[in-house]
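One structure is given below, encoded as structure tokens.
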Amino acid sequence: MSQLLENPTVATPSARRAVPIWLAIIAASLPMFMSTLDNLVMTNALPTIRGDLGASVEELQWFVNAYTLSFASFILMAAALGDRFGRRTVFVAGIVVFTLASVYSALSTESWMLILGRAVQGFGAAAIMPLSLTLLVGSVSTRLRPLAIGVWGGISGLGVALGPLIGGAVVEGFSWEAIFWLNLPVGVIAVPLALYALPNTFGARVRADVVGLLLAGVGVLALVFGIVRGNDAGWGSLEVMGSLGLGIALVVVFIWWEARSSAPLLPLGLFRDRSFSIANVVGLTFSFGIFGAIFILIQFLQVVQGYSPLAAGVATMPWTMAPMVVAPLAGFVAPRVGTRILIVVGLALEASAMAWLALTMSADTPYLDMLPAFIFAGVGMGLVFAPLSTAVLATMRPDDHAKASGTNSTLREIGVALGIAVLTAVFVGTGGELTPVGYVDAAIPAVFVGAGALGLAAVVALALPHGRAPRTSTEATPTAPSI
């Protein structure tokens with residue numbers, strides 16, 4: 002951090018003035034912290050929201066998936082719009098949209114209102130996340146760039162780690178609406194700060210691929226909708242089969258369109274790279290398994306074992322906070338031992354942790370019996386995050402880094418949505434309800450599915466290149482973790 006004080010200012014091209022570097026870091030990182038925090042801040046609040054709004058299991062999924070799907074659908078488009086209309090302009094617009102959607106969510110009195118508010122929040126977050134790092138890199142000198150990216154990555158990871166804890170504390174101390182009201186003062190501060198401290202840079206002004214956006218967004222939405230509705234409407238019903246069929250058809254048409262578009266939303270040529278392709282399959286499968294299981298397990302702690310929202314957040318701290326320690330260490334040793342071994346070991350720990358929880362889960366399981374699994378899960382996530390981001394960009398041209406990183410973030414968020422939908426479908430299909438009676442018997446097979454997905458991801462990860470730095474390399478290219 003002392004390096005930031007040695008070279009305390011940087012000239013912003015848009016205003017031709019000197020701005021303290023620490024101020025630029027705060028301006029880029031504060032909105033990003035807000036959006037990453039909201040990615041998981043609802044998890045511990047879901048049982049309380051269910052009781053207040055009378056939400057069904059299906060609606061609980063959409064409280065999370067509405068945010069995830071809109072985020073995943075719009076992240077690549079937001080980056081392209083930033084190149085065309087100004088990155089700071091789109092970044093600030095994202096902050097405004099996210100803040101207003103948070104206020105709307107806090108005022109929601111019906112489940113559908115909260116689902117709508119979460120979807121709009123996701124669109125705002127999609128403009129914040131990719132552009133925050135781009136704007137920060139453009140505001141900091143080359144010498145200080147690795148340090149600035151490290152600080153940015155640490156703040157992003159902190160938002161994810163503290164989400165369940167802050168959500169639980171706020172819900173218990175105030176109300177579930179307060180988790181959204183928290184974003185209002187942050188947004189009010191973040192907008193003028195970004196306008197003052199960050200340059201309004203531009204990129205290649207290519208035509209926006211609106212057709213690709215609609216095909217991919219509606220296609221994935223149709224797939225998730227079909228999975229979510231499967232148990233209630235019947236898997237052989239016209240509603241479910243039609244939704245799944247439409248989703249598959251739109252995804253196929255999306256691939257066809259992207260292969261022929263002059264300015265594709267997703268350049269399919271990137272998938273010719275072995276490291277990029279396999280890392281993205283691993284990322285999607287990893288997100289599917291771990292976040293689907295988290296959705297089930299958070300409800301288990303509160304609905305079955307009687308934990309308060311805050312107590313559930315504290316109980317899972319070994320899981321959520323461990324990546325804050327392990328991820329930087331993994332990034333440090335990755336050039337020496339290789340990214341592949343770290344990713345495989347991390348995923349194996351994750352799969353073992355989920356299997357452990359599934360095998361020991363009961364209404365009266367002592368916390369100490371679950372603690373080793375929480376620690377394994379946290380260490381595993383820390384071993385996967387940074388090395389997987391490195392593997393995605395390992396052999397990409399610098400000009401392709403933004404698209405490659407955005408693609409990885411998109412696929413991982415789609416994995417989150419599909420994981421929650423599928424594991425909840427398994428839970429409901431085996432008779433699960435949000436009551437202490439019968440929850441465990443239905444949760445066990447669902448968590449085992451998550452463990453199986455993580456085990457599959459570990460096997461696929463064996464096909465990654467070793468990922469060790471060349472012996473002649475004296476400087477590693479810094480990469481930011483993708484959350």
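Plus 1 on top of the position in the sequence shown (first one is 1) and you've got the numbering used here.
Cβ atoms here follow ideal geometry from the backbone N, Cα and C, with glycine treated the same way.
Among the options, the one whose alpha carbon lies nearest that of residue i
i: Ile-421; options: Leu-54, Phe-64, Ala-25, Ala-403; result: Phe-64
i: Ile-344; options: Arg-337, Met-355, Ala-356, Ala-331; result: Ala-331
i: Leu-384; options: Thr-366, Met-397, Glu-351; result: Glu-351
i: Leu-302; options: Leu-117, Phe-375, Val-152; result: Phe-375
i: Arg-208; options: Leu-136, Ala-312, Arg-85; result: Arg-85
i: Ala-223; options: Phe-272, Leu-455, Ser-106, Ala-418; result: Ala-418
i: Gly-433; options: Leu-285, Val-58, Leu-457; result: Val-58
i: Val-427; options: Val-229, Met-318, Leu-271; result: Val-229
i: Ala-107; options: Glu-259, Gly-218, Ile-180; result: Ile-180
i: Gly-174; options: Ser-363, Ile-299, Ala-312, Met-130; result: Ala-312
i: Pro-319; options: Phe-377, Pro-21, Pro-336, Met-362; result: Phe-377
i: Pro-131; options: Ala-67, Pro-48, Thr-37; result: Thr-37
Where the alpha helix (DSSP H) through residue i begins and ends
i: Tyr-368; result: 368 to 394
i: Asn-66; result: 58 to 86
i: Ala-328; result: 318 to 338
i: Asp-233; result: 211 to 234
i: Met-114; result: 112 to 140
i: Ser-244; result: 239 to 261
i: Ser-288; result: 275 to 300
i: Gly-270; result: Where Gly-270 is concerned, there is no enclosing alpha helix (DSSP H), given that its DSSP letter is neither H nor E.
Through-space distance from residue j to residue i, alpha-carbon basis
i: Val-212; j: Thr-391; result: 30 Å
i: Gly-87; j: Leu-196; result: 12 Å
i: Ala-405; j: Met-397; result: 8 Å
i: Ala-46; j: Tyr-440; result: 18 Å
i: Val-161; j: Phe-255; result: 31 Å
i: Val-448; j: Leu-215; result: 33 Å
i: Ala-191; j: Ile-96; result: 8 Å
i: Phe-34; j: Ser-410; result: 16 Å
i: Gly-456; j: Asn-201; result: 44 Å
i: Trp-113; j: Leu-394; result: 39 Å
i: Gly-270; j: Ala-29; result: 31 Å
i: Phe-296; j: Pro-437; result: 16 Å
i: Ala-335; j: Asp-53; result: 47 Å
i: Val-225; j: Leu-247; result: 11 Å
i: Pro-486; j: Leu-372; result: The shown model of the chain, from 2 to 484, leaves out residue 486, and the question about it has no answer.
i: Ala-81; j: Gly-169; result: 36 Å
i: Leu-360; j: Ala-452; result: 11 Å
i: Met-78; j: Asp-365; result: 48 Å
i: Tyr-368; j: Ala-149; result: 38 Å
Cβ separation of residue i and residue j, assumed to be a contact under 8 Å, to the nearest whole Å
i: Ser-276; j: Gly-416; result: About 18 Å separates the two Cβ atoms, so there is no contact after all.
i: Gly-381; j: Ala-354; result: 6 Å
i: Ala-126; j: Phe-72; result: 5 Å
i: Val-461; j: Thr-317; result: Not a contact, Cβ separation roughly 27 Å.
i: Pro-48; j: Gln-306; result: About 12 Å; that fails the 8 Å criterion.
i: Gly-339; j: His-467; result: 4 Å
i: Ile-129; j: Pro-32; result: 5 Å
Distance cut-off 6 Å: residue i Cβ against heavy atoms of the ligand GDP
i: Gly-339; result: Ligands are entirely absent from the displayed structure, and the ligand GDP is therefore not among its contents.
Any C-beta of chain D under 7 Å from that of residue i
i: Leu-435; result: Looking at the structure shown, chain D is missing, and only one protein chain is on hand.
Does the stretch 250 to 270 touch the stretch 321 to 341, meaning 3 or more C-beta pairs lie closer than 8 Å? no
Does the pairing of the stretch 277 to 287 with the stretch 237 to 245 give three or more beta-carbon distances under 8 Å? With the cut-off at 8 Å, the stretch 277 to 287 and the stretch 237 to 245 do not touch.
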